[in-house]
Ligand SMILES: O=C(O)CCC(=O)C(=O)O
Ligand SMILES: [Fe+2]
């Protein structure tokens, strides 16, 4: 724990806070506006995760792959993997493209809470994991991920009072679109609960799971 997980968490947090400071300035937010909402001094839903997937003996059906499509619930995700298999849906199309892992690089996803904070200026894209292509499909796949999510008490709404750019983007969207009425604690708990397949029992649970996907089409 001390020698492997904590350094990974510390480094991931430092990288994500650095990225947030760049995004703050690009979004016209005061310095520290995003960082303050992801403070490690407050209870929150950030999470480190290690995911292992066994090779499959048969190809995955499109229907099975579709079930796994999601946007990340929090603000920023840093993802490390050596094998392919991660796919992103190209915006405005039904085309899924592989994201090729590059040595010495990590993959960074924008998540839903950052989409809402920025009134849609930053996009949380749909993605999914399918068996790695070609010969990689015969290998065990590992991912190491760090999800930066807001502190539980933070309200999930566009930061219109702190940025002219965000206020302008929100004003062009239907009223209330980027004010979820939820705290980050409520938002993440709901998303995690209904992401679990056993809790998906019909259209109501799909709606209950909703993030910002339907805001984008
Ligand atoms: O394993 C991967 O490549 C991606 C995993 C992922 O999208 C997630 O855990 O949210
Ligand atoms: Fe994801």
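Residue numbers (the numbering used here): 1 to 217. From the three backbone atoms N, C-alpha and C, an ideal C-beta is built for every residue, glycine too.
- DSSP places residue 81 in the uninterrupted beta strand (DSSP E) bounded by 76 to 81.
- With a cut-off of 7 Å, the C-beta of residue 77 is classified as near ligand 2, since at least one heavy atom of the ligand falls inside that distance.
- With a cut-off of 7 Å, the C-beta of residue 70 is classified as near ligand 2, since at least one heavy atom of the ligand falls inside that distance.
- Contact between the stretch 81 to 88 and the stretch 97 to 109 is present: three or more C-beta pairs spanning the two stretches fall below 8 Å.
- In the structure shown, residue 127 falls within a strand segment according to DSSP collapsed to helix, strand and coil.
- Within the same chain, and ignoring the five residues on either side of residue 35 in sequence, the residues whose Cβ sits closer than 6 Å to its Cβ are 17, 20.
- The stretch 87 to 152 contains, as complete beta strand (DSSP E) runs of 3+ residues, the segments 96 to 98, 107 to 110, 127 to 129, 141 to 148 (chain order).
- Taking 7 Å as the cut-off, one finds no heavy atom of ligand 1 near enough to the beta carbon of residue 97.
- The three-state reading of DSSP puts residue 70 in strand, counting E and B together.
- Straight through space, the alpha carbons of residue 160 and residue 61 are spaced by roughly 43 Å.
- Taking a C-beta distance under 8 Å as the contact criterion, residue 7 and residue 137 do not qualify as a contact pair.
- Restricting attention to 186, 151, 130, 173, the CA atom closest to the CA of residue 65 is found in 130.
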